[in-house]
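Input: a single structure, listed below in structure tokens.
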Amino acid sequence: MLTVPHTLIGAALGSLAPDSPVSNVLAFGLGWLSHFVLDTIPHWERLIEAPEGRVKGFATEQTPNMWPRLYFWQAVIDVLLAATIILGLIYFWENELSFWRSTWFWGALGGFFPDAVDNNPYITPHLQHRRGWRWLRHFHQSIHISSHAQKNMPRFVGLVTQVVAVGFSLIWILR
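For the sequence shown, my numbering assigns the number 1 to the initial residue and increments by one for each residue that follows.
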């Protein structure tokens, strides 16, 4: 799934965290769990796929210079867009810049975190041999809806699920 739905759903769920000394931890946990739930439904990993045959053997744990440029720049734009939306919502909706105190921020960060460590060409190659990270990667990969199942669905289904996730989260956040 793209970063924007993951972060917005995480922010919406993070906003549910009650005021307490551990509200930011709870918000992060809700966002983190939502990531795996969203990965079980049909979705797109990229807006634009590279031409057939140009990405044989591509895996997100490869170093950045091995990523197809098209995928690398889509990932950069997706992450920057998600960050801009979340920080903008927090700033304009909560009227402050202290986003680190916002459960929205911590929920959004939790929603983004699994991809940030598992599909990050700058971090993953260094962590992939550590036991905890190997477990996270295995779990993260196994929870995804299979590529075979997604190939048997119309391509628009991956767009619809993400639009619904973004719409639901914005309605919840802006209520």
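Heads up, the beta-carbon is just placed ideally off N, CA and C, and yes, glycines get one too.
All values derive from a computational prediction rather than experimental measurement.
Item: Within 10 angstroms of its Cβ, does Ile-9 collect 16 or more other Cβ (buried), or is it exposed?; Value: buried
Item: Report the option in Gly-88, Thr-63, Pro-68 and Leu-80 whose CA atom is closest to the CA atom of Phe-112.; Value: Leu-80
Item: Determine the extent of the alpha helix (DSSP H) in which Asn-24 is found, giving its start and end residues.; Value: 23-39
Item: Starting from Ser-20 and walking both ways along the alpha helix (DSSP H), at which residues does that stretch end?; Value: Run containing Ser-20: none; DSSP gives neither H nor E here.
Item: Please report the distance separating the alpha-carbon of Arg-130 from that of Lys-151.; Value: 32 angstroms
Item: Quick one: what does DSSP say Thr-161 is sitting in, helix, strand or coil?; Value: helix
Item: Report yes or no: do three or more beta-carbon pairs, one from the stretch 102-112 and one from the stretch 16-35, lie closer than 8 angstroms?; Value: yes
Item: If we ignore side chains and look at the alpha-carbon of each, how far apart do Trp-44 and Pro-125 end up?; Value: 23 angstroms
Item: Hey, how far is the Cα of Phe-156 from the Cα of Arg-101?; Value: 37 angstroms
Item: Express the C-alpha separation of Trp-172 and Pro-68 in angstroms, rounding to a whole number.; Value: 36 angstroms
Item: Which residues bound the alpha helix (DSSP H) around Ala-116?; Value: 103-118
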